[in-house]
Amino acid sequence: MSSIDEAVSRQKEQLDRHTREIVQWHFGDDTGSQFWLEKKASFDFDPLKDVKCFDDLKKFPLFEDEWLRGGPMRRWVPQPYQDKPIYVFETGGTTGIPKSRVVVEDHWIDYEMFSDTLPDEFFPRGANWLMLGPSGPRRLRLAVEHLAQYRGGISFCVDLDPRWVVKLLKKGRIDEAKEYSAHVIDQAMTILSANNEIQCMFTTPKLLEALAMRLMDEGSSIEEAGIKGIFCGGTEFTQQWNRFACEELLGPNVYMTPTYGNTLMG
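The structure is reproduced here in structure tokens:
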């Protein structure tokens with residue numbers, strides 16, 4: 046067996062072992078959540094006995110994201126975590142009751158791991174952050190705040206309700222939506238002008254573009270505002286926009302790390 050084949054075999058064994066551990070946890074009588082223990086009774090197989098490798102996950106039916114609408118939320122919490130503080134993060138709720146994601150600590154763990162990927166040259170340790178993104182029941186606000194604190198800084202947040210923007214757009218009230226966007230950028234401009242020593246920022250593609258254009262209109266730029274590193278995320282990224290942002294909005298001295306995600310996928 047070649048070294049490559051051996052490496053593949055080891056990784057497969059590790060994946061299969063991890064699969065068994067996760068399935069045993071979520072369907073174990075002493076560890077599983079109410080939702081999965083009840084769901085187990087509807088399966089035509091026993092996850093505890095019949096899932097022995099990653100490929101066996103095909104035995105499960107498709108997960109229906111409609112299950113994520115409404116409560117009770119604690120039905121998703123594994124039994125050993127029932128006494129821990131629980132966070133609930135929501136989607137936009139544009140099609141009725143929002144889909145929810147129940148979290149204990151993973152938003153902290155994820156962003157501590159993400160921190161290791163950020164170059165200190167552009168995301169200095171101890172630097173303060175601007176959180177130019179959604180507030181309210183969103184994972185991002187708490188996660189970015191934790192990221193800033195984990196790196197030794199302070200997070201300054203705008204107040205943004207994306208659900209209101211969606212309502213305005215659905216009703217064709219385009220001018221009001223633009224006014225609300227300007228209101229959010231006004232908040233960001235105030236934070237940047239308040240001597241908060243901000244060098245890092247989280248934002249979305251549309252808000253980054255709006256902030257950059259506002260700064261340009263006032264004879265300034267992202268770089269001149271003191272921003273060195275930008276963590277930009279959402280589901281609106283394209284290769285073309287990423288290139289446009291780097292070449293036209295930011296310039297060579299501002300670093301941007303693009304990420305793709307939403308409330309449910311992280």
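Heads up: the sequence shown begins at 46 in this note's numbering, then just goes up one per residue.
The C-beta atom is built at its ideal place from N, Cα and C for all residues, glycine as well.
Take E157, set aside five residues on each side of it, and the residues of its chain with a beta-carbon closer than 6 Å to its own are Y195, in chain order.
With contacts defined as CB atoms closer than 8 Å, G197 and R218 fail to qualify as a contacting pair. According to DSSP, residue pairing for K144 in a beta bridge involves R114. Between the alpha carbons of V299 and S145 lies a distance of about 35 Å. CA-to-CA, the gap between S200 and N173 works out to about 6 Å. Here Q244 really is in contact with K273; their C-beta atoms are around 5 Å apart, less than 8 Å.
Cβ-Cβ distances below 8 Å link P130 to V149 in the same chain, with the five nearest sequence neighbours on each side left out; the list follows chain order. Between I230 and L187, the alpha-carbon positions lie close to 20 Å from each other. When the beta-carbon positions are compared, S180 and C202 come within less than 8 Å of each other. Under DSSP, M176 takes part in a beta bridge, and its partners are C202 and F247. The C-alpha of D95 is placed about 31 Å away from the C-alpha of H152. L102 is the residue among S48, L102 and Q79 whose C-alpha sits nearest the C-alpha of I67. Where P303 is concerned, the enclosing beta strand (DSSP E) starts and stops at Y300 to Y305. Between the C-alpha atoms of F80 and L205 there is a straight-line separation of about 33 Å.
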